[in-house]
Amino acid sequence: MKITGFVVLSFLLFALSATSFPEAVHATAVLDVFGSELTAGASYFIGAASNDFAVSATSSIICNSDVLLSPMSNGLPVTFSPVVTSDNSVIHEDSYLNVDFVAPTCRMAGVTTMWKMEFRAIVRGFAVTTGGVDRMNRFKITKYGGDNGFYQLSYCPDSESSCDLLGNVVNRLALSSVPFPVVFVPSTAPHLEYKMM
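Here it is, written out as structure tokens:
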């Protein structure tokens, strides 16, 4: 009887911790190309895993810009910040994130460097743009195809619905059924000389 009670109590404690702290159960850190953990507030280039392209914007001065894929030398760094604030600065897989370009903005009201989704005729659907609002535009990083060091990005409209994969649509980061494998390169790395895998 005592063993059964202990097993039941152990299961209940595990279930309670899993629902109260869901990230504690599946808290795998996202790694950059050098094997270091991504941290909130640090800047990174998001590079294509298959070539020397990186995430950029229609202009280096952010003014409600589309998020593009361009040569690595034109890439713009981004920062990640968890939607749910934490004392831990490590970025984890499956965490809801805000993504911001590290770039100046034009002097228009409401312009931000934060990513959001917006309809764009050129992709015949929704694409990633700038001008987002904190906690309203959730993105997520997950593994791409096993343990190969590649990741994929998703857009999560809210915490109640499933996330939608982002891919390369007409050289724009947009909703797509075909995921776009990426790697993360610290902005302090000599990225112009870094050759993607």
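All letters in the sequence shown, in the order written, are residues -27 to -1, 1 to 170 by mature numbering (1 follows the signal peptide of the UniProt record, and there is no 0). Backbone N, C-alpha and C fix where the C-beta goes; we use that ideal spot for every residue, glycine too. Quick caveat, the model's predicted, so the values are computed rather than measured.
The three-state reading of DSSP puts M45 in helix, counting H, G and I together.
In summary, I34 is exposed, with fewer than 16 beta-carbon neighbours lying within 10 Å of its beta-carbon over all protein chains present.
One alpha carbon belongs to C36, the other to V84, and they sit about 6 angstroms apart. Counting only the Cα atoms, V101 lies some 15 angstroms from S150.
Note: C129 is bridge-paired with R111 in the DSSP secondary-structure output. Here DSSP, grouped into helix, strand and coil, assigns V143 to coil. For F26, the enclosing beta strand (DSSP E) starts and ends at F26 to A30. By the Cβ rule, the segment 40 to 56 counts as touching the segment 12 to 28, because three or more pairs are nearer than 8 angstroms. Rounded to whole angstroms, the Cβ separation of A30 and F99 is 17 angstroms, and the two are not in contact under 8 angstroms.
Taking each of S59, T103 and V63 in turn and checking the Cα distance to T78, the smallest one comes out for T103. Taken through DSSP and simplified to helix, strand or coil, A100 comes out as strand.
Per the DSSP secondary-structure output, Y124 pairs in a beta bridge with K116 and V155.
Nearest in C-alpha terms to S54, of all of A94, D107 and S23, is D107.
Within the DSSP secondary-structure output, R93 pairs in a beta bridge with G98.
Ranked by how close their Cα comes to the Cα of L42, the residues F153, Y69 and E66 have F153 in first place. Non-local C-beta neighbours of T1 in its own chain, meaning closer than 7 angstroms and more than five positions away in sequence, comprise H65 and E66, ordered along the chain. Counting C-beta atoms within 10 angstroms of its own C-beta, V143 has fewer than 16 neighbours from the protein chains shown and is therefore classed as exposed. Within the segment 48 to 77, the complete beta strand (DSSP E) runs of at least 3 residues fall at 51 to 55 and 70 to 74. Residues Y69, L70, N71, R108 and R111 of the same chain have their beta carbon placed closer than 7 angstroms to that of V56, with the five preceding and five following residues left out of the count.
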